[in-house]
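Taken in order, these protein sequences are the chains called F and G. Using my numbering, read the first sequence as starting at 1 and increasing by one per residue. Using my numbering, read the second sequence as starting at 1001 and increasing by one per residue. Backbone N, C-alpha and C define an ideal beta-carbon position, used for all residues, glycine too. Down below is the structure, laid out as structure tokens.
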Amino acid sequence: MAAVELDHVTRVYQKYSSRHRFQTFKSAMVRGNLFGSLKANELVTALSDISLQVEKGETFGLIGENGSGKSTLLKIIAGIAKPTSGRVKVAGKISALIELGAGFHPEISGRENVFINGIMLGLSKKEIGRKFDEIVRFAELEEFIDAPVKTYSSGMYMRLGFSVAINVNPEILLIDEVLSVGDAAFVPKCLDKIDDFRRRQKTIVFVSHDLDTVKKICDRVAWIKDGRIRMLGEPKRTVDAYLQDIAAKQEEDFQEQQVEVDIRQPFEEGRRENRWGKREVEIRKVTLRGLGGEEKHVFHPEEGLIIELEIAAACPVEDFVFGIGVFNSLGTACYGTNTNLEDLEPKLFAGEGKAVCRIERLNLINGTYYLDVAVHKRDGYPYDYHQNLYSFLVSSAAYKDVGVARLPHTWEFSPGITFGPPDKKTP
Amino acid sequence: MVRLVRNLKELYKYRVLIQNLVSRELKARYRGTVLGFLWSFFNPLLLMIVYTLVFGLILKGGRGGEFGDSSTLYAVFLFTGLLPWTWFSSSALESANVLMIHGNLIKKILFPAEILPIVTVLSNLIHFSFGLPILLLFLIVFGKGLTLFALLLPVVVLVQMVFSLGLGFLISSLTVHFRDIKDILANLLTLWFFATPIIYPLTFDSLQKSSFLRTLLNLNPMTHIIEGYHSCLFYGTIFHWKRLGVTFLIGLVLFYFGYSVFDRLRDSFPEEV
């Protein structure tokens, strides 16, 4: 049986122009068309033609970028927003954790707020009275429950809000990204509570950017993009497809914001910014590629990188060294090498050619990296030195390790040491 | 009309919430003040003293011959009109803001928005009723005493409540789209105050002479409501049945109209507040 059923749901938002916004009541009356003047002059489609079913007892994840329509979808399921067209069917009592403590009044005590908030969420006064101690205990606010809510820290506020909402004991629980604000101790408690819900065969619709949690707790996941369901199915596959899409988008963005380095500029005496040398040997073009040869700028930490230099010598030279250097955004040199350090004896270079440095595995942590490339004499005299002119991004949502480099490693434990339930989470 | 009745029935289910929100409103308003809820009658009392100083002592001629030389009698007359007016004007002013102030509820919780203007009118009604014992005391000690007609007070209160609710729905929903209403309203209420027989009695000389002014005053529904209070409390007589009855009908029409506008604009609230 479906707990939530969306049938061709479309939601169009009205966007009013600034002219409209400052229009006065009077001018609307003068035109004699009060409602007419409230018509929007621009429409934004937040959701278009969404059909999906969430089965009873299922934990259903919604992922997607900011502004993709996830929250609107959740609000439509909660009944806070109405679909412009299409039908929504919901079977069972809903509690929506869209903004925790949304109804709190700052001037009155936590105790009174619990009661009013509980009533707003659909509990009776008696029920709240019965659950009151449990609510306060879960929020860890025993000492402060009689203080006005305005004296609470944002963490306390959120804990109380979560505690009330979760104790409404709904059949369907909607969670919108609320766990992201909790502190390290409270979030696991919330997740425990959510697990508890799952065990009791309640339906959960879960919106989150925390993809690990989504993979861990959801039975099915829908990826929303630009107001449409892009993919719906098994969590790991959907999350991976979403990650791939993000990586592709990052690559695009990165290329866009890449300052177009005009290295074709002729040499000028005294110019030293980011590039120097007399260019007896010139680096004409630098291309970053994946190991497959495709040009790219966003790499997975375990991926390889090819740096390709197109060089030309004005006249034949016998003393030349090719070098590269990788720097992170703090300016720390992560790696540097050149042909001289690797004992390559230069013999002759004339005309044009390519020097290609192939890095089999980057093994860097997430971040933006800048590249120096150079060709110089063995004594250091620069022919052409490009400092930080090129950059690339190392990015992976799954890797959270810190430092400079990602040292290849594995963990091993003696049988006495065990770790939590073997879940679907990737190592 | 059917929809209105159905929605109002739906609202009945929320009575506990309304009740709690009203009491929250009352608790929150004077939280942190020394006198607390006593302010509910100190406020109109102080206002009365100001007006008594001005019209009772300084502009003696301006208050009409009815009260003779008695400033205390005039003060009691003033208080009789001021107290319900404060209820009316605070309700109207606060309604203008109420949807925006509680925008969080409309945006984040499944919550029937019409509760908010209702809570505004009701919590101001409670303030009004806090001031009532003082008023009755004044009427007995300094006024002409109370008669059995004072028992008709709830009728007048009902008329004013329907009228205030209707206006509350209209103002609160329109202000979401036209923020200017808030400022217009503040000034309009000042004008409205002076266009209502609160600081002067209907028997005032210049009113008696000018039929134009009298017609103008009679077109103002608040005139008949305030006159209702004056009749059954200050003068101790029956109020003008027909006039108050017509005012009640106007109130009902305003209620229906106000609610319809509110209902029609409802879906735009979550995006606009």
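Cutoff 9 Å: residue i Cβ touching any chain A Cβ
i, result
"Pro1270 of chain G", "The structure shown contains no chain A; the protein chains it does contain are F and G."
Residue i to residue j span [Cα, whole Å]
i, j, result
"Arg378 of chain F", "Gly325 of chain F", "16 Å"
"Lys82 of chain F", "His8 of chain F", "13 Å"
"Leu1189 of chain G", "Gly122 of chain F", "38 Å"
"Phe206 of chain F", "Ile217 of chain F", "9 Å"
"Ala139 of chain F", "Ser163 of chain F", "6 Å"
"Gln244 of chain F", "Gln250 of chain F", "10 Å"
"Ala78 of chain F", "Lys1107 of chain G", "11 Å"
"Arg272 of chain F", "Glu294 of chain F", "Summary for Arg272 of chain F: the model assigns pLDDT 47, below 50, so the residue's position carries little reliability; its value from the coordinates is reported in the next sentence. Answer to the nearest angstrom: the Cα atoms are 32 Å apart."
"Gly367 of chain F", "Met120 of chain F", "45 Å"
"Asp428 of chain F", "Phe413 of chain F", "Nothing can be reported for residue 428 of chain F: it is not among the residues displayed for chain F, which extend from 1 to 427."
"Lys1182 of chain G", "Gly420 of chain F", "59 Å"
"Leu174 of chain F", "Phe1239 of chain G", "56 Å"
"Glu352 of chain F", "Asn363 of chain F", "32 Å"
"Gly1081 of chain G", "Phe1255 of chain G", "23 Å"
"Arg74 of chain F", "Ala247 of chain F", "Just to set this straight, residue 74 of chain F is Leu in the shown sequence, not Arg. Whole-angstrom Cα-Cα distance: 26 Å."
"Phe349 of chain F", "Ile63 of chain F", "54 Å"
"Lys1144 of chain G", "Ser1231 of chain G", "12 Å"
"Phe22 of chain F", "Phe1178 of chain G", "Bear in mind that a pLDDT of 47 at Phe22 of chain F, under 50, signals an unreliable position, so the number given afterwards is only what the model happens to contain. About 8 Å."
"Asp319 of chain F", "Pro346 of chain F", "6 Å"
"Thr72 of chain F", "Gly101 of chain F", "19 Å"
"Asp192 of chain F", "Val114 of chain F", "22 Å"
"Ala355 of chain F", "Ala312 of chain F", "11 Å"
"Leu393 of chain F", "Trp411 of chain F", "27 Å"
"Val1246 of chain G", "Val1016 of chain G", "33 Å"
Residue i burial status per 10 Å Cβ neighbour count (16 or more: buried)
i, result
"Trp223 of chain F", "buried"
"Tyr157 of chain F", "buried"
"Ala314 of chain F", "exposed"
"Met1001 of chain G", "exposed"
"Asn1020 of chain G", "buried"
"Arg200 of chain F", "exposed"
"Lys296 of chain F", "buried"
"Gly331 of chain F", "exposed"
"Ala1075 of chain G", "buried"
"Glu1094 of chain G", "buried"
"Asp1267 of chain G", "exposed"
Distance between beta carbons of residue j and residue i, contact taken as under 8 Å
i, j, result
"Arg279 of chain F", "Asp210 of chain F", "With 8 Å as the limit, Arg279 of chain F and Asp210 of chain F do not qualify as a contact, their Cβ atoms being about 50 Å apart."
"Phe1041 of chain G", "Phe1130 of chain G", "6 Å"
"Thr84 of chain F", "Val12 of chain F", "4 Å"
"Ile1262 of chain G", "Glu1114 of chain G", "Correcting the residue type first, residue 1262 of chain G is Phe in the shown sequence and not Ile. At roughly 6 Å, the Cβ-Cβ gap stays under 8 Å, so Phe1262 of chain G and Glu1114 of chain G are in contact."
"Glu55 of chain F", "Ala3 of chain F", "7 Å"
"Thr203 of chain F", "Ile172 of chain F", "5 Å"
"Ile145 of chain F", "Val136 of chain F", "5 Å"
"Thr1120 of chain G", "Ser1091 of chain G", "6 Å"
"Phe1193 of chain G", "Phe1077 of chain G", "In fact, because the Cβ distance is near 15 Å, the residues do not count as touching under 8 Å."
"His386 of chain F", "Arg289 of chain F", "Incorrect: roughly 17 Å between the Cβ atoms, too far for contact."
"Pro1197 of chain G", "Ile1226 of chain G", "6 Å"
"Ser48 of chain F", "Gly233 of chain F", "Incorrect: roughly 20 Å between the Cβ atoms, too far for contact."
Heavy atom of the ligand ZN within 8 Å of residue i beta-carbon
i, result
"Gly1143 of chain G", "Looking at this structure, you won't find the ligand ZN or any other ligand, since it has none at all."
Local conformation of residue i per DSSP, three classes
i, result
"Leu348 of chain F", "coil"
"Tyr1014 of chain G", "coil"
"Ile283 of chain F", "strand"
"Gln1160 of chain G", "helix"
"Pro408 of chain F", "coil"
"Gly1068 of chain G", "coil"
"Gly290 of chain F", "coil"
"Lys201 of chain F", "It should be noted that the sequence gives Gln, not Lys, for residue 201 of chain F. Correct three-state label for Gln201 of chain F: coil."
"Lys354 of chain F", "strand"
"Lys125 of chain F", "helix"
"Arg275 of chain F", "strand"
"Cys190 of chain F", "helix"
"Met1222 of chain G", "helix"
"Lys377 of chain F", "coil"
"Glu360 of chain F", "coil"
"Ala1195 of chain G", "coil"
"Cys334 of chain F", "strand"
Residues in the segment 45 to 71 of chain F with C-beta within 9 Å of chain G's C-beta atoms, listed in sequence order?
none
Using a Cβ-Cβ cutoff of 7 Å, what residues of the segment 77 to 94 of chain F are near chain G? List them in chain order.
Ala78, Gly79, Ile80, Ala81 and Lys82
Check distances from the C-beta atoms of the segment 1119 to 1135 of chain G to those of chain F and list, in chain order, the residues that come in under 9 Å.
The segment 1119 to 1135 of chain G vs chain F, Cβ under 9 Å: nothing.
Listed in chain order, which residues of the segment 167 to 183 of chain F have Cβ atoms closer than 8 Å to some Cβ of chain G?
none
At a CB distance below 8 Å, what residues from the segment 122 to 136 of chain F approach chain G? Give them in sequence order.
Ser124 and Lys125
In the segment 98 to 119 of chain F, which residues sit with their C-beta less than 7 Å from some C-beta in chain G, listed in chain order?
Ile98, Glu99, Ala102, Gly103, His105, Glu107, Ile108, Glu112, Phe115, Ile116 and Ile119
Please list the residues of the segment 1102 to 1114 of chain G that have a C-beta atom closer than 9 Å to any C-beta atom in chain F, keeping them in chain order.
Residues His1102, Asn1104, Leu1105, Ile1106, Lys1107, Lys1108, Ile1109, Leu1110 and Phe1111.
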